[in-house]
Amino acid sequence: MTRGSCVGLRPRVCSRATNGRRRLFLRFAWRLDREVGMFPRTWWLMSVVLLLGVLPAGCGEKRVDDSDISFIDLTQLRTLMDEDRGNPDRVIIIDPRIPGDYAGGHIPGAVNIRLTDVQRNTGRDPAIARHTYIVVYGNDPGSAIAKGMTKELLHRRYSKVRWYQGGLAEWRKAGFRVESSAE
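Residue numbers (this note's numbering): 152 to 334.
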């Protein structure tokens with residue numbers, strides 16, 4: 152008979168041997184947990200949660216990168232704005248800069264919608280979605296906030312989102328009127 156085997160022993164003796172091994176294992180696990188902490192159990196639990204919960208949640212998500220961004224130039228923006236005069240739902244111009252910068256000067260008709268406000272909402276904003284075209288601009292071509300807003304709107308599956316990369320700097324340089332508003 153091999154050590155630890157219950158073959159050939161009466162059931163009562165076998166259960167004592169099995170219970171002894173079980174107690175030894177539990178004592179070892181308790182000491183390991185006490186000395187190491189919750190790491191072994193926590194690691195196992197986190198692995199299961201990740202496999203069952205987090206991985207499937209991201210399977211249907213499409214990542215938006217720079218190649219997904221469509222641009223609009225100054226001439227196209229002016230054309231859209233002229234067409235918008237007859238149909239106010241045609242284009243919305245979004246200025247995602249801080250309210251102080253927006254109040255200091257913005258493209259006429261632009262609305263100040265912050266990136267954090269869009270990210271805080273769980274769905275699509277009907278006030279934005281009702282427009283055929285969505286144009287986002289910032290201060291200049293290097294405006295990270297305008298690029299971020301464009302990506303966020305694309306991620307939320309708004310259609311016909313365009314980034315006016317020239318921004319307010321190009322608008323002013325071309326000599327077009329800028330609106331100012333009180334904060």
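All C-beta atoms in this analysis are idealised placements derived from N, C-alpha and C, irrespective of residue type, glycine included. On a predicted model such as this, the values are computed, not experimentally measured, just so you know.
Quiz item: Quick one, are the C-beta atoms of Tyr315 and Val286 less than 8 Å apart?
Solution: Going by beta carbons, Tyr315 and Val286 fall inside the 8 Å limit.
Quiz prompt | Backbone CA spacing between Ile249 and Ile264 [nearest angstrom] | solution = 9 Å
Quiz item: Can you name the residues that DSSP bridges to Asn263?
Solution: Asp246
Practice problem: Can you give me the Cβ contacts of Glu234 inside the same chain, cut-off strictly under 8 Å, excluding the 5 residues immediately before and after it? | Solution: Excluding residues up to 5 positions away in sequence, Arg241, Val242 lie with their Cβ nearer than 8 Å to the Cβ of Glu234 in the same chain.
Self-check item: DSSP-derived helix/strand/coil call for Ser310
Solution: coil
Quiz prompt | Reference Arg328, options Ile258, Gly274, Asp219, Val262, closest by Cα | solution = Per the Cα distances, Ile258.
Quiz item: Skipping 5 residues on each side, what residues in its chain have a beta carbon closer than 6 Å to that of Leu206?
Solution: Summary for Leu206: the model assigns pLDDT 49, below 50, so the residue's position carries little reliability; its value from the coordinates is reported in the next sentence. Cβ within range, chain order: n/a, list empty.
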